[in-house]
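Asker: Here it is, the structure, as structure tokens.
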Amino acid sequence: MAKTVLILGATSAIARATAAAFAAQGFDLYLAGRNADELGRIAADLAIRYQIKAASGVFRAEDLASHAQFFTQAIAEMGEMHGVVLALGHLGDQQAARDFSVGAEVILVNFTAAASILSHCASYLEARKQGFIIGISSVAGDRGRQSNYTYGAAKGALSLYLQGLRNRLFASGVRVITVKPGFVDTAMTYGMPGLFLVASPQYIGERIAQALGKSADVIYLPWFWRYIMLIIKSIPELVFKRLKL
Amino acid sequence: MSTSSIPTLSRPLSGWGRYPVELCEQVRPERYQDLRPVAEQQIARGQGRSYGDAALGKRVILTERVNRLLAFDTATGILRAEAGVTLAEILAVIVPQGWFLPVTPGTQFVSLGGCVAADVHGKNHHHDGAFSQHVIAIELILADGSRVTCSATQNAALFWATVGGMGLTGVIGEVSLQLIPVSSPYVQVRHHAAANLAETFALFAAPALDDKYSVAWIDCLASGNDLGRSVLMCGHHAAQDDLPVALRQPAKLKKARAMPFDLPALALNPLSVKLFNAVYYRQQGHKTEPFFAHYSEYFYPLDSIAHWNRLYGKRGFVQYQCVIPDSGAFAAVTALLQALSQSRRPSFLAVLKRLGAQNQGLLSFAMAGYTLALDIPLRDDGVFALLRSLDEIVLQHGGRVYLAKDAVLTPQKFRIMYPRHAEWLALKQEIDPLQRFQSSLSSRLELTHG
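What follows is the structure in structure tokens.
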């Protein structure tokens, strides 16, 4: 029987490309997100292109109370779950920093909901003593900047959460991988001014699926973002606070 | 990113011929529900493989991310997909399962929606008709945002205005297509050399040489007694059992080589092209014994060089394609080739095909006769005078030019070439009274004016 991967936030361009890369490796898929029609379309597409089993189900990230039941049902439908890709992402807008009612939603989706659903996934995989969790965080979580620090803070918290989870699940043989993409050509970034080094979702998706075969726990995509962020993280706060970033 | 407005990107755009170039505001929906009219004026754009200005406009909706395969019945060969998917993506899925496209243009890097909008034809038009004749149904997204299913039997008027309608009736959202069965990815090909145009026409007309697919590559710089010398390339899908053992394994696709830079204008001069054509004529004309070619080599020879449009340099080129009814075809093609050869404007590519009966598409290009396609580099503005003289020859012989490749036709000539335009316009005004779907092509040809 093919192993199944659960993709959370499956309608985003990165998630779709990642799902395709797993399907190309022969994994079955369970696609979860808010938009049932889109999920159905993506599932049909991947099932036809890769001749795998692809099912989908509605997942409401902000409804934390529904997570346990959602996960139970996904497993019931697929028989088992071998791995999880967390691709929930909500950028919000510039208002998020000044208007907390907007910012709260950004934090809820990017961190609180992520931690909630991953807690269920982690316990399940820990008991099975195999499998993986791949969490898609962001380079924005490596240092707070005036342009998007609410999003960055939520992603930074997610990175720390995944780090802790990796530490906890190591003993049970469950891989936890943190992915930190830079700029990717998605709906989130389309038309944004001043973007540079923009990667295609296909590139990111393929690298994410390949990460399982490699040993790194934290991967930057494309690779050079590790060094860009190394430089950005090393700027002293005394200087950094004066920069327009 | 503001959630209230749709993000747009302003960028210079052009068709595959790289002429003209226009600054267009672009939106790129990723979800099917977001594939809809977004502004006062727009046109959908798939892969931008039309040559002229058909996929340019004030505002352009990029369909490239709305490209999902939705259903594929491997028993009946019916495929339903979102219009942004490319033929290459479709072929990669269907060929290993024993199916092929019923009609295909000369590149697989076009979108499914584009094939419907231009009602494309292939090397088998004389047998199988144009693309639309194999379309089972379309979901069209109208100017008011409503979604309508149309086909040859359901909302038929809308269907025949949409196929060949260059995206001006609405956004083509989903397409259901009837595929044809094949048992291998190979085509059995046979070449026949013709010393001049009369011989070329005789080969096309010879029933013994007729095959499912046929196309003649013409040496368009040959003149005098050699005018119209060509190699007729005929083919049909090879049966798995006919293949030599070496070809029975799944074929590994060669990776496309890319044209890394614009070729300087000097490289394509009359002498170098003449030399290339002479060598190509000798080489290809010798292949009189049948041989097997992978479908990608037979149908899409230029796809093996990514960005082959760079061959024509930065100024780009115009692809000129016309169809002439049978009665005047020989005289017209002779006159066209003479005009081209006299102008001493080298064309790498000149292709002659036979077309069958016209379908009911109100603006569909194909009609019974012969179609000639020419690549003409844009080196100086003298090209436009040449193109206008070609238009005159086509008009005199009752022919028409192909809107998917046109960049220079005038509204007056268009109306003579496409006599059903008035019918099309009546329907357009009914479904899109505010003219929300408009392209640079439609403005230039005054397609939406009475």
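So the protein sequences, as listed, match chains U and H. The working numbering numbers the first residue of the first sequence as 4 and each following residue consecutively. The working numbering numbers the first residue of the second sequence as 901 and each following residue consecutively. Backbone N, C-alpha and C fix where the C-beta goes; we use that ideal spot for every residue, glycine too. Note that the structure is predicted; figures quoted are calculated from it, not measured.
1) Using a Cβ-Cβ cut-off of 8 Å (strictly less than) and excluding sequence neighbours within five positions of H/Q1238, which residues of its own chain qualify?
2) Fully enclosed by the region 98-156 of chain U, which alpha helix (DSSP H) runs are 4 residues long or longer?
3) Below 8 Å on the Cβ atoms is my contact criterion, and I expect H/R980 with H/L970 to pass it. Report the Cβ-Cβ distance as a whole number of Å.
4) Listing by chain order, which chain U residues have their CB less than 8 Å from the CB of H/L871?
5) Nearest-angstrom Cα distance between H/T1188 and H/R1182?
6) Whether or not the region 1301-1317 of chain H and the region 1252-1260 of chain H are in contact is what I'm after, with contact meaning three or more pairs of Cβ atoms, one per stretch, closer than 8 Å; do they touch?
7) Entirely within the region 1127-1157 of chain H and at least 3 residues each: give me those beta strand (DSSP E) ranges in chain order.
8) By the three-class DSSP mapping on this structure, what secondary structure does H/F1199 have?
9) Mind pulling the chain H residues with CB within less than 8 Å of U/N113?
10) Quick one: which chain U residues come within Cβ less than 8 Å of H/R968?
11) Cα separation between H/G1216 and H/N1096?
12) With distance defined between alpha-carbon atoms, name the residue in H/G952, H/E989, H/G977 and H/A975 nearest to H/R965.
13) H/W916 and H/R949: beta carbons closer than 8 Å?
14) Looking at U/T14 and U/I51, is the spacing between their C-beta atoms short of 8 Å?
15) According to the neighbour-count rule (16 or more other Cβ atoms, all chains shown, within 10 Å of its Cβ), is H/S1046 buried or exposed?
16) Do we get a CB-CB distance below 8 Å when we pair H/E1330 with the residues of chain U?
17) Based on Cα-Cα distance, which residue from U/V88, U/H93 and U/K132 lies nearest to U/A214?
18) Would U/A77 and U/G95 be called neighbours here (beta carbons separated by less than 8 Å)?
19) Would you mind stating whether U/G185 and U/A20 have Cβ atoms separated by less than 8 Å?
20) Pick out whichever of H/L1262, H/G1022, H/A1266 and H/P1319 has its Cα sitting closest to the Cα of H/G1135.
21) Tell me which same chain residues have a C-beta within less than 6 Å of the C-beta of H/F1351, skipping the five on either side of it?
22) Please tell me whether H/Y932 has its Cβ less than 8 Å away from any Cβ of chain B.
23) Beta-carbon of U/A190 versus every beta-carbon of chain H: anything under 8 Å?
24) How about H/V842 and H/L935: do their beta carbons lie closer than 8 Å?
25) Measuring straight from C-alpha to C-alpha, what distance separates H/L1262 and H/K1328?
26) Pop quiz: H/A1301 and H/D1291 are said to be a contact at Cβ under 8 Å. What is the actual Cβ separation, rounded to whole angstroms?
27) Closer than 9 Å, Cβ to Cβ, to anything on chain H: give me those residues from the region 4-22 of chain U, in chain order.
Answerer: Working from what's here:
1) S1123 and L1127
2) 103-110 and 116-131
3) 5 Å
4) This structure cannot settle anything about residue 871 of chain H, because the visible part of chain H is limited to 901 through 1350.
5) 12 Å
6) no
7) 1130-1137
8) helix
9) Those do not exist, as U/N113 stays about 14 Å from chain H at its closest Cβ, beyond 8 Å.
10) R44, I45, A47 and D48
11) 30 Å
12) H/E989
13) yes
14) no
15) exposed
16) no
17) U/V88
18) no
19) no
20) H/G1022
21) Lying before the first or after the last residue shown, residue 1351 of chain H is absent from chain H, which here runs from 901 to 1350.
22) Reference to chain B is not applicable here, since the protein chains of this structure are U and H.
23) yes
24) An answer regarding residue 842 of chain H cannot be provided, because it is not within the stretch 901 to 1350 covered by chain H.
25) 11 Å
26) In the sequence on display, residue 1301 of chain H carries Val and not Ala. Confirmed, about 7 Å.
27) T14, S15, A16 and R19
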